[in-house]
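Those protein sequence lines, which keep their order, are chains A and B. Letter 72 of the first sequence, counting from 1, is numbered 72 in the numbering used here, and no numbers are missing. Letter 31 of the second sequence, counting from 1, is numbered 31 in the numbering used here, and no numbers are missing. Below you'll find the structure, written out as structure tokens, and then a few comments.
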Amino acid sequence: MSAPDKTFLPPPPLVALAAWLIPGAGYWLIGQRIRGLVVGVSILLIFIAGLLIGGMHVVDAPSGLTIPLILQKPWFIGQVLAGPVSLFASYLANNWGTHIDPITFKRTIGVAFSHARVNEIGTLYTAVAGMLNLMAIIDASYRSSNEGGR
Amino acid sequence: MPPWLLAQDTAARAFEPFRQPLPVWDYWYLLLIPLCVGISIVYKSIKCREMRQVPREASVIFIMIMLGMIATAAALYALMRVLER
């Protein structure tokens, strides 16, 4: 009698974590490398396109982790699903080129705020990238729990 | 600084990617196209069993999204014209 041919697959939580950390990495872990590459590159390109369109400030993290503060900026929930790249973008938006004005001694921001449609479209791109990554996270986790069902 | 001078100053500054928004004021609606391309590719990459099906399936859904958006825009435009009367 021969044992059923089972390839080792990482547990779904690990796949989900990898997929959040690097978009597409969940598929990569379960051996679906082309799918992982296509999904990951596409999601990152959509996210970066959003930053390019609206400027870094389209990723606007709430000032705290309480529910009222998060609900003031609900689009960040979508954006953060794209992975740590959104946290890095938020950090850059608040710190890139920031300096103290030598005359007024006030903190001057280095990244411009965008307004109106350009801001809305940039926010939409970044939030859609996060939502697409959520779909990829769920799908990769499901596939890893389903013995690599393709 | 008066507003007109501030506007001139801002326009004269070179565009710095990621630090300033992209100057796409007049053709912002064209930004729908790359977003739809991205959504189509990712959605079909997740949905299709074989990756070789993705280019064809993504092209089909991209065209369907674009036609749907154009039809919606036309319908809303027509509705607006009717309500204007």
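Glycine included, each C-beta is placed from N, C-alpha and C at the ideal position.
Item to check | Separation of residue 28 of chain B from residue 54 of chain A, as counted between CA atoms | outcome: So the alpha carbons of these two residues sit roughly 11 Å apart.
Next on the checklist: Applying the 10 Å Cβ sphere with the 16-neighbour rule, what's the burial state of residue 44 of chain B?
Outcome noted: Residue 44 of chain B is buried by the Cβ-count criterion.
Checklist entry - Taking Cβ positions, are residue 56 of chain A and residue 15 of chain B nearer each other than 7 Å? => result No, Cβ-Cβ distance for residue 56 of chain A and residue 15 of chain B is not below 7 Å.
Checklist entry - At least one CB of chain B closer than 7 Å to the CB of residue 82 of chain A: is that the case? => result Not an interface residue.
Checklist entry - From residue 14 of chain A to residue 139 of chain A, what does the alpha carbon distance come to, in whole angstroms? => result Rounded to the nearest angstrom, the two C-alpha atoms are 13 Å apart.
Checklist entry - Hey, out of B:33, B:26, B:22 and B:25, whose CA is closest to residue 62 of chain B's CA? => result The option with the nearest alpha carbon to residue 62 of chain B is B:33.
Checklist entry - Apart from the five residues just before and just after residue 127 of chain A, which ones in its own chain have a Cβ nearer than 7 Å to its Cβ? => result Cβ within range, chain order: 75, 78 and 79.
Checklist entry - Looking only at its own chain, which residues have a Cβ that is under 8 Å from the Cβ of residue 30 of chain A, when we skip the five neighbours before and after it? => result 9, 10, 15, 140, 143, 144 and 148.
Checklist entry - So, residue 83 of chain A versus residue 12 of chain A, is the Cβ gap smaller than 7 Å? => result No, the pair does not count as a contact, with Cβ atoms beyond the cut-off.
Next on the checklist: Quick check on residue 108 of chain A: does DSSP put it in helix, strand or coil?
Outcome noted: Residue 108 of chain A falls in the strand class under three-state DSSP.
Checklist entry - Alpha carbon to alpha carbon, how far is residue 69 of chain B from residue 36 of chain B? => result Roughly 10 Å between the two C-alpha positions.
Item to check | Through-space distance from residue 71 of chain B to residue 53 of chain B, alpha-carbon basis | outcome: Cα to Cα, the separation comes out at about 27 Å.
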